[in-house]
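Heads up: the structure comes next, in structure tokens.
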Amino acid sequence: MNLPDNFMYTDCGERASLLWLLNYHFQKILRSLDGIPADILFRRPAAHVNPPGWLLAHMAVKERDHIAGFAQGANDVPSRYEIFRGGELPSEQEMMDAVTDAAELVDYYAEVRGKTAEYLASISDADLKEVPAHVNQD
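Taking the numbering used here as reference, the numbering of the sequence shown is continuous, increasing by one, and the terminal residue is 139.
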């Protein structure tokens, strides 16, 4: 979705606004990874700071988990990305075994974002306010 820099969320519906926001931040994330050496992708920059590669992988997995899992009732997160769901931070070696470099991670996140865009294109603004039928509401 290509929107002008002076885009205002009032210029379109909720789905389009959500997609614009997701893509706007996605482009910033991609730029932040440009040129990051593979050897520091999964290294903590400080004691209590998560590595940039883990953060990106975690955001991709959670986005896919929420869209596929909650909204569509499916689980299609690749098994090698399961370590990025959350909980305890995996070791640097475990993360490097799962993802070889930043380009692979960016490609996966782009695939996830594409699936999110497809899903948003398939529903209406009103659908965003509904709990999917497959979700247990007890």
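We put the beta carbon where it would ideally sit given N, CA and C, even for glycine. Please read these numbers as outputs of a predicted model, since none were measured by experiment.
Taken in chain order, the whole alpha helix (DSSP H) runs of length 4 or more contained in the stretch 13-65 are 15-34 and 53-65. Distance from the CA atom of Phe43 to the CA atom of Leu56, rounded to whole angstroms, is 9 angstroms. Gln73: not part of any alpha helix (DSSP H); DSSP gives it neither H nor E. Nearest in C-alpha terms to Val100, of all of Gly115, Pro46 and Ser80, is Ser80.
Here Arg86 is not near Asp77, since their CB atoms are 8 angstroms or more apart.
Out of Ile68, Lys130 and Leu106, the CA that lies nearest to the CA of Ser33 is found in Leu106.
Restricted to the stretch 64-124, not a single beta strand (DSSP E) segment is unbroken, complete and at least 3 residues in length. Annotated as distal: Gly70 and Pro133, with beta-carbon spacing of 8 angstroms or more.
Under a 10 Å Cβ-count criterion, Ala127 is classified as exposed, with fewer than 16 other Cβ atoms of the shown protein chains found around its own Cβ. In this structure, the straight-line span from the alpha carbon of Asp102 to that of Lys130 is close to 38 angstroms. The Cβ atoms of Met97 and Ile84 do not sit closer than 8 angstroms to each other. When only Cα atoms are considered, Leu90 and Glu119 end up about 31 angstroms apart.
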